[in-house]
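Here the structure comes first, spelled out in structure tokens, and everything after it is commentary.
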Amino acid sequence: MATELRDESRMIASILAGETQLFHELIRPYERRVYAMALSFLRNDADAEDVAQEAFLKAFRNLASFRGDAKFGTWLVSITLNEARSRIRRRDAVKMESLDEPDEEGKTSPALLRDWKEIPSEALERKEVRSLLHKAITSLPLIYREVFQLRDIEQLSVQEAAQALGITVSSVKVRLHRARMMLQKNLAPQLKQVAPKRRWWAWS
Amino acid sequence: MVIECKHVWAHISGYLDQTLPPEVLEQVQKHLEHCEICSAILDSTRNILILTADERVFELPLGFSERLHARLEEEIKGLEPDGIG
Numbered sequence: 047m048a049t050e051l052r053d054e055s056r057m058i059a060s061i062l063a064g065e066t067q068l069f070h071e072l073i074r075p076y077e078r079r080v081y082a083m084a085l086s087f088l089r090n091d092a093d094a095e096d097v098a099q100e101a102f103l104k105a106f107r108n109l110a111s112f113r114g115d116a117k118f119g120t121w122l123v124s125i126t127l128n129e130a131r132s133r134i135r136r137r138d139a140v141k142m143e144s145l146d147e148p149d150e151e152g153k154t155s156p157a158l159l160r161d162w163k164e165i166p167s168e169a170l171e172r173k174e175v176r177s178l179l180h181k182a183i184t185s186l187p188l189i190y191r192e193v194f195q196l197r198d199i200e201q202l203s204v205q206e207a208a209q210a211l212g213i214t215v216s217s218v219k220v221r222l223h224r225a226r227m228m229l230q231k232n233l234a235p236q237l238k239q240v241a242p243k244r245r246w247w248a249w250s
Numbered sequence: 183m184v185i186e187c188k189h190v191w192a193h194i195s196g197y198l199d200q201t202l203p204p205e206v207l208e209q210v211q212k213h214l215e216h217c218e219i220c221s222a223i224l225d226s227t228r229n230i231l232i233l234t235a236d237e238r239v240f241e242l243p244l245g246f247s248e249r250l251h252a253r254l255e256e257e258i259k260g261l262e263p264d265g266i267g
């Protein structure tokens, strides 16, 4: 990936030494990631954009406190996470979305399917499929959504996700498993219908 | 040892992340070889992960970058990065 080829620590050192314009370049590869995270948390485009902007501004203001022991991308993720969480707290002060573990009783069992056909990724060209996925992710309870977002969308390692969320590695694993099972249960039957069985439209 | 479907479901995440201990992995694999339903669950979960990771799912709104960089530019002009306590 392009981000791997860039020497981010050198860029950061240069920015701190006064080449502040380099910050634009530094963050370019992370724009979508930060926005996607914010959107998945806030479920609203305008709030997500606002939080994403705030996160980048905060990263700039606090760049001197960035220590090279984590990747810059991971550091940005934790800033975004904090911004999004505090926004949720403020916004949903009335209608609280619980940050606690939901009731353990409702264990999810998967959707039982036969003959699942692989959904080609071209299906994502279709807006309805994207919005189906989008809706399913954003409707996960927060504690599952954040783990899923960090691990399966942002591809953070289990350790990085645990660190960013301030939870244990084993909680990450348990929550991730539940998140995936909830998505499977919710999405598999719907996606199965999306996949065309026959390409009959090719005749037209 | 033969395991039941619901035990396999509990290991789907670990299976996909390749973190199962060898003995569990072997049991799960054996089960999957003959269980059509569990195989379909595994495939569907894997496919869902592939689809949700696709960057087209969360697209940037039109003009997002321009607005972001404009706002950053204002900030950058006004401040040095370590200028705020």
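Heads up: the protein sequence lines correspond to chains A and B, in order. For the first sequence, my numbering gives the first residue as 47, with consecutive numbering after it. For the second sequence, my numbering gives the first residue as 183, with consecutive numbering after it. Heads up, the beta-carbon is just placed ideally off N, CA and C, and yes, glycines get one too. Here the structure is a predicted model, which means the values were calculated and not measured.
If the cut is a Cβ gap below 7 angstroms, which residues of chain B does residue i touch?
i, result
"GLN230 (chain A)", "ILE223, SER226, THR227, ILE230"
Between which two residues does the alpha helix (DSSP H) holding residue i run?
i, result
"ASP93 (chain A)", "91–107"
"GLN239 (chain A)", "215–240"
"PRO147 (chain B)", "Residue numbering for chain B in the displayed model covers 183 to 267; residue 147 (chain B) lies beyond these limits and cannot be assessed."
"VAL239 (chain B)", "Unbroken run through VAL239 (chain B): none, as it is neither H nor E."
"GLU255 (chain B)", "246–260"
"PHE112 (chain A)", "Neither: PHE112 (chain A) is in no alpha helix (DSSP H) and is coded neither H nor E."
"ASN193 (chain B)", "First, the amino acid is wrong: residue 193 (chain B) is His here, not Asn. From DSSP, HIS193 (chain B) is part of no alpha helix (DSSP H); its letter is neither H nor E."
"LYS117 (chain A)", "Segment: none, LYS117 (chain A) is in no alpha helix (DSSP H) and carries neither H nor E."
Could you check if residue i is buried or exposed, using at least 16 other CB atoms within 10 Å of its CB as the buried criterion?
i, result
"ILE134 (chain A)", "buried"
"ALA234 (chain A)", "buried"
"ASP198 (chain A)", "buried"
"PRO156 (chain A)", "buried"
"ALA59 (chain A)", "exposed"
"ARG221 (chain A)", "buried"
"ALA92 (chain A)", "exposed"
"GLU168 (chain A)", "exposed"
"HIS223 (chain A)", "buried"
"THR214 (chain A)", "exposed"
Please determine, among the options, the residue with the shortest C-alpha to C-alpha distance to residue i.
i, options, result
"GLY260 (chain B)", "A:PHE106, A:ASP198, A:ASP138", "A:PHE106"
"VAL190 (chain B)", "B:PRO203, B:GLN209, B:THR201", "B:GLN209"
"ARG160 (chain A)", "B:CYS187, B:GLU218, B:GLU255, B:GLY196", "B:GLU218"
"MET227 (chain A)", "B:LEU202, B:ARG238, B:ASP225", "B:ASP225"
"ALA116 (chain A)", "A:VAL218, A:LEU103, A:ALA207, A:ALA225", "A:ALA207"
"LEU233 (chain B)", "A:ILE165, A:ALA110, A:ARG74", "A:ILE165"
"MET57 (chain A)", "A:ASP96, A:ALA110, A:ARG78", "A:ALA110"
"ASP138 (chain A)", "A:GLN205, A:PHE118, A:ARG89", "A:ARG89"
Indicate whether at least one CB of chain A lies closer than 7 angstroms to the CB of residue i.
i, result
"LEU207 (chain B)", "no"
"ALA252 (chain B)", "no"
"GLU257 (chain B)", "yes"
"LEU242 (chain B)", "yes"
"LEU202 (chain B)", "no"
"ILE219 (chain B)", "yes"
"LEU233 (chain B)", "yes"
"VAL239 (chain B)", "yes"
Spell out whether any CB of chain B is found under 7 angstroms from the CB atom of residue i.
i, result
"ARG226 (chain A)", "yes"
"GLU151 (chain A)", "Because GLU151 (chain A) carries a pLDDT of 46, less than 50, the predicted location of this residue cannot be relied on, and the following value inherits that uncertainty. With 7 angstroms as the cut-off, GLU151 (chain A) does not count as an interface residue toward chain B."
"ASP198 (chain A)", "yes"
"GLN99 (chain A)", "yes"
"TYR76 (chain A)", "no"
"LEU233 (chain A)", "yes"
"ALA84 (chain A)", "no"
At a CB-CB cut-off below 9 angstroms, which residues of chain A make contact with residue i?
i, result
"LYS188 (chain B)", "SER155"
So which residues on chain A does residue i lean against when the C-beta distance must stay under 7 angstroms?
i, result
"ILE210 (chain B)", "Reading off the sequence, residue 210 (chain B) comes out as Val, not Ile. Within 7 angstroms Cβ-Cβ: nothing; VAL210 (chain B) doesn't reach chain A, min ~14 angstroms."
The ligand NAD and residue i: does any heavy atom of the ligand fall closer than 6 angstroms to the residue's C-beta?
i, result
"ASP138 (chain A)", "The ligand NAD is absent from the structure shown, which contains no ligands of any kind."
Against residue i, what residues of chain B qualify as contacts under a CB-to-CB distance less than 8 angstroms, listed in chain order?
i, result
"SER27 (chain A)", "Outside the displayed span of chain A (47 to 250) sits residue 27 (chain A), for which this structure offers no information."
"GLN67 (chain A)", "ILE258"
"THR213 (chain A)", "The amino acid at residue 213 (chain A) is misidentified as Thr; the sequence shows Ile. Those within 8 angstroms of ILE213 (chain A) in chain B number zero; the least Cβ separation is about 16 angstroms."
"ILE183 (chain A)", "THR234, VAL239"
"LEU88 (chain A)", "Chain B residues near LEU88 (chain A): none, gap ~12 angstroms exceeds 8 angstroms."
"GLU164 (chain A)", "ASP225, ASN229"
At a CB-CB cut-off below 9 angstroms, which residues of chain B make contact with residue i?
i, result
"TRP161 (chain A)", "At residue 161 (chain A) the sequence reads Asp, which differs from the Trp that was named. Within chain B, the residues near ASP161 (chain A) are GLU218, ALA222."
"TYR190 (chain A)", "Going along chain B, no residue has its Cβ under 9 angstroms from TYR190 (chain A), so there is no contact; the nearest lies around 12 angstroms."
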